[in-house]
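Trainee: Under my numbering, think of the first position of the sequence shown as -10, with each following residue one higher. Please read through the structure below; I'll follow up with questions.
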Amino acid sequence: MAGPDAGHEVIGRVAAPRFAADHPDYCLECEEAVEPFLIGMIGHARDAGWEPSAIWPVLRSLVANLEEAEIENWRTSHAIGQARLAMAE
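Below, the structure is given as structure tokens:
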């Protein structure tokens, strides 16, 4: 794994999973695939002048907001699907 002093550029794409989602190592593999990109992004933020005291809370907030948005998008899609089914009856 790359350390915090590594270069910020990551060449390539996030690796696709090798395991099924219910495999015990699935989340660990995802972490290993995403980590270099996150480290690079944090490095870019630091290079731009953002202090770690701002970066870490912002990352937590972004993750929480993105997760909530994904949940709400699923709920909306599910509700639309249910409404379409009801209209077809």
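Every residue, glycine too, gets a C-beta built ideally from N, C-alpha and C.
Which residue's Cα is closest to the Cα of Ala146: Ala72, Ala68 and Glu18?
Mentor: Lying outside -10 to 78, the shown extent of the chain, residue 146 is not represented and no answer is given.
Trainee: In whole angstroms, give me the CA-to-CA distance for Pro(-7) and Glu24.
Mentor: Locating residue -7 in the sequence shown gives position 4, where the first residue counts as 1. Locating residue 24 in the sequence shown gives position 35, where the first residue counts as 1. With a pLDDT of 46 at Pro(-7), under the threshold of 50, the modelled position of that residue is not reliable, and the figure given next carries that caveat. Their backbone Cα atoms lie some 11 angstroms apart in a straight line.
Trainee: Quick one: what's got a C-beta closer than 7 angstroms to Ala22's C-beta in the same chain, skipping five residues either side?
Mentor: Here residue 22 refers to the residue found at position 33 of the sequence shown. So the list reads Val3 and Ala4, once near-sequence residues are dropped.
Trainee: Just reading off the alpha helix (DSSP H) that Glu21 is part of, what are its end residues?
Mentor: Taking the first residue of the sequence shown as position 1, residue 21 is located at position 32. Tyr15 to Asp36 is the extent of the alpha helix (DSSP H) around Glu21.
Trainee: In three-state DSSP terms, what is Glu57?
Mentor: Your numbering for residue 57 matches position 68 in the sequence shown. In this structure, Glu57 counts as helix in the three-state DSSP scheme.
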